[in-house]
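Asks: This is the structure I have questions about; it appears just below.
Numbering (this note's numbering), first residue to last: 192 to 565.
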């Protein structure tokens, strides 16, 4: 098979820069509704590095059919098998390209929660014990979500995914240093007045090693410190359902009020377990190529001038210990065309209307990342 040079370049970035495969390492390529060309490119790129590739192919309509009538007796042994396989892997590359993001919208919530609970040890091992990277694959459905033609979206996708992620490094290092030293965070904007502490939590830069596209630094609130209200202005899809205008009210860290365009389903998810109503991640996004939401969280959470504030599971290492089967990245854009907004650290203005204010953070603003200034 003759492969497009851009696909080969992407595969080489995923196996080289993102997962840094070494000779003899095992890598699982998890392919969800993607063309054979990218899977073959990844196999070739992995072998070129001396790694051992394994492949699993998924089809969303088949997965829906399995889940819609799922039984614990069916999925418990499957989870054991999947965990045993994941424990043999050194790396994991997932590509997701479903034509219909709402394919799972009619799966009963109790089935979704059961499958999530049983498969959670597999996810935990993959996140905590392997080198992993996850990305979407461009489809006509994604182009439609983005309001673009299929060809234009493919060009945009490849531009975003082959960004020189090394250019993010100095600015991310400066933001990490600042976040690691911060106690009080105050976020202000239309409908938003949110206060919390990140003291002692630490932070993690994300520059192309775990998600493609990438471009964020994340931390986590002290669990019971969150007070106030946040009004998200970015649409989101979670567990096959669509939500707009999510508004959350917090007292002593817990979500005590939650409304949206789909309030019953929102609260159904937030009632999945005790941890789902606490926040497991706070992150600041700055990918200069990603400007508009497209109901795809791997893109939307990296939007330039955005932050996300995530109900549910916290990450090990940079977390507050919150446990949940939910991890729902909800995004708010603070650029002027979305109403603006401010982020303050310990009383100092850090970002205003989507642009970083301190000189040390200017290298995360779009003009620098796009090479318009040095």
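Just so it is clear, CB atoms sit at the ideal spot from N, CA and C, and this is done for glycine as well.
Using C-beta distances below 8 Å, list every residue in its chain close to residue 398, excluding the 5 sequence neighbours before and after it, in chain order.
Replies: Position 207 of the chain shown, counting from 1, holds the residue named residue 398. Correct list, in chain order: 356, 357, 359, 360, 363, 405, 406.
Asks: With H, G and I counted as helix, E and B as strand and the rest as coil, what does DSSP make of residue 271?
Replies: Position 80 of the chain shown, counted from the start, is the residue given in the question as residue 271. Helix at residue 271.
Asks: What are the partner residues of residue 566, as DSSP defines its beta bridges?
Replies: Missing from the structure shown is residue 566; the chain here goes from 192 to 565 and no further.
Asks: For the candidate residues 202, 461, 312, whose alpha-carbon lies nearest to that of residue 440?
Replies: In the chain shown, residue 440 corresponds to position 249, counting from 1. Nearest Cα to residue 440 within the set 202, 461, 312: 461.
Asks: Leaving out five residues before and five after residue 332 in sequence, what residues of the same chain have Cβ atoms less than 8 Å from its Cβ?
Replies: For the purposes of this step, residue 332 is taken as the residue at position 141 of the chain shown. Hits under 8 Å: 289, 290, 291, 292.
Asks: Excluding the five sequence neighbours on either side, which residues of its own chain have a C-beta within less than 7 Å of the C-beta of residue 456, listed in chain order?
Replies: For the purposes of this step, residue 456 is identified with residue 265 of the chain shown, where counting begins at 1. These residues qualify, in order along the chain: 432.
Asks: Give the C-beta separation of residue 411 and residue 472 to the nearest angstrom, bearing in mind that I take them to be a contact with Cβ-Cβ under 8 Å.
Replies: Position 220 of the chain shown, counting from 1, holds the residue named residue 411. Position 281 of the chain shown, counting from 1, holds the residue named residue 472. About 6 Å; that satisfies the 8 Å criterion.
Asks: For a test of the three-state rule: what should DSSP assign to residue 336, helix, strand or coil?
Replies: Here residue 336 is taken as the residue at index 145 of the chain shown, counted from 1. Residue state, collapsed to three classes: helix.
Asks: State the start and end residues of the unbroken beta strand (DSSP E) segment that holds residue 413.
Replies: As a first step, residue 413 is located in the chain shown; it is residue number 222 there, counting from the start. Taken as a continuous stretch (DSSP letters only), residue 413 belongs to no beta strand (DSSP E), as it is neither H nor E.
Asks: Between the alpha carbons of residue 230 and residue 252, how many angstroms are there, rounded?
Replies: Counting from 1 along the chain shown, the entry for residue 230 is found at position 39. Counting from 1 along the chain shown, the entry for residue 252 is found at position 61. About 20 Å.
Asks: What is the DSSP secondary structure of residue 385, reduced to helix, strand or coil?
Replies: Sequence index remark: in the chain shown, residue 385 carries index 194 (1-based). In this structure, residue 385 counts as strand in the three-state DSSP scheme.
Asks: Give the secondary structure of residue 427 by DSSP, where H, G and I count as helix, E and B as strand, and everything else as coil.
Replies: Start at 1 with the first residue of the chain shown, and residue 427 comes out as number 236. Strand, per DSSP.
Asks: Should the segment 511-531 be regarded as contacting the segment 323-343, the criterion being three or more beta carbon pairs within less than 8 Å?
Replies: no
Asks: Mind checking whether residue 243 and residue 215 have CB atoms under 9 Å apart?
Replies: Stepping through the chain shown from its first residue, residue 243 is reached at position 52. Stepping through the chain shown from its first residue, residue 215 is reached at position 24. Cβ atoms of residue 243 and residue 215: closer than 9 Å.
Asks: Tell me the rounded alpha-carbon separation between residue 498 and residue 316.
Replies: To locate residue 498, count along the chain shown from 1; it is residue 307. To locate residue 316, count along the chain shown from 1; it is residue 125. Whole-angstrom Cα-Cα distance: 27 Å.
Asks: For residue 480, does the three-state DSSP call read helix, strand or coil?
Replies: The sequence position of residue 480 within the chain shown is 289, counting from 1. Coil, per DSSP.
Asks: Counting Cβ pairs, one atom from each stretch, are 3 or more of them under 8 Å apart for the segment 538-546 and the segment 492-511?
Replies: yes
Asks: For a minimum of 3 consecutive residues, which ranges assigned as the beta strand (DSSP E) are wholly contained in the segment 453-505?
Replies: 470-476, 497-502
Asks: Quick check: what's the CA-CA separation for residue 226 versus residue 489?
Replies: For the purposes of this step, residue 226 is identified with residue 35 of the chain shown, where counting begins at 1. For the purposes of this step, residue 489 is identified with residue 298 of the chain shown, where counting begins at 1. Using only the alpha carbons, I get a separation of about 19 Å.
Asks: Enumerate in chain order the residues of its own chain whose CB-to-CB distance from residue 367 is below 7 Å, with the five nearest sequence positions on each side excluded.
Replies: In the chain shown, residue 367 corresponds to position 176, counting from 1. The residues are 394, 396, 408.
Asks: My parser needs the beta strand (DSSP E) runs of 3 or more residues fully inside the segment 235-274; what are they?
Replies: 243-249
Asks: Distance check for residue 262 and residue 271, CA to CA, integer angstroms please.
Replies: What you label residue 271 is simply residue 80 of the chain shown in a count that begins at 1. What you label residue 262 is simply residue 71 of the chain shown in a count that begins at 1. Distance between the alpha carbons of residue 271 and residue 262: 15 Å.
Asks: Is residue 213 helix, strand or coil by DSSP?
Replies: Within the chain shown, numbered from 1, the residue matching residue 213 stands at position 22. Coil at residue 213, not helix or strand.
Asks: Quick check on this structure: which residue in 236, 328, 280, 403 has the alpha carbon closest to the alpha carbon of residue 199?
Replies: On the chain shown, position 8 is the one that residue 199 refers to. Closest by alpha carbon: 236.
Asks: Assign residue 564 to buried or exposed, taking buried as 16 or more other Cβ atoms, counted over all protein chains shown, within 10 Å of its Cβ.
Replies: Mapped onto the chain shown, residue 564 falls at position 373. So residue 564 ends up on the exposed side.
Asks: Could you tell me which of 487, 260, 446, 342 sits nearest to residue 402, measuring between CA atoms?
Replies: Stepping through the chain shown from its first residue, residue 402 is reached at position 211. Residue 402 has its Cα closest to that of 487, out of 487, 260, 446, 342.
Asks: With hydrogens ignored, establish whether the beta-carbon of residue 396 is closer than 8 Å to any heavy atom of the ligand COA.
Replies: The model on display carries no ligand, and the ligand COA is accordingly not part of it.
Asks: Given this structure, state the Cα-to-Cα distance separating residue 324 from residue 239, to the nearest angstrom.
Replies: If you number the chain shown from 1, residue 324 lands on position 133. If you number the chain shown from 1, residue 239 lands on position 48. Those two C-alpha atoms are separated by around 18 Å.
Asks: Whole-angstrom Cβ separation of residue 414 and residue 444, contact assumed at under 8 Å?
Replies: If you number the chain shown from 1, residue 414 lands on position 223. If you number the chain shown from 1, residue 444 lands on position 253. Indeed, because the Cβ distance is near 5 Å, the residues count as touching under 8 Å.
Asks: With a 10 Å radius around its C-beta and 16 neighbouring C-beta atoms as the bar for buried, classify residue 561 as buried or exposed.
Replies: As a first step, residue 561 must be located in the chain shown, where it is residue number 370. With fewer than 16 Cβ atoms within 10 Å of its Cβ, residue 561 is classed as exposed.
Asks: What is the rounded straight-line gap between the Cα of residue 277 and the Cα of residue 550?
Replies: Taking the first residue of the chain shown as position 1, residue 277 is located at position 86. Taking the first residue of the chain shown as position 1, residue 550 is located at position 359. In a straight line, the C-alpha of residue 277 is about 43 Å away from that of residue 550.
Asks: Tell me whether residue 327 sits in a helix, a strand or coil according to DSSP, three-state version.
Replies: Counting from 1 along the chain shown, the entry for residue 327 is found at position 136. Residue 327: strand per DSSP, three-state reduction.
Asks: Would you kindly work out how many angstroms separate the C-alpha atoms of residue 557 and residue 477, rounded to a whole number?
Replies: Residue numbering aside, residue 557 sits at position 366 when the chain shown is read from its first letter. Residue numbering aside, residue 477 sits at position 286 when the chain shown is read from its first letter. Cα to Cα, residue 557 sits roughly 8 Å from residue 477.
Asks: Per DSSP, what are the beta-bridge partners of residue 356 in this structure?
Replies: Counting from 1 along the chain shown, the entry for residue 356 is found at position 165. Bridge partners of residue 356: none, in fact.
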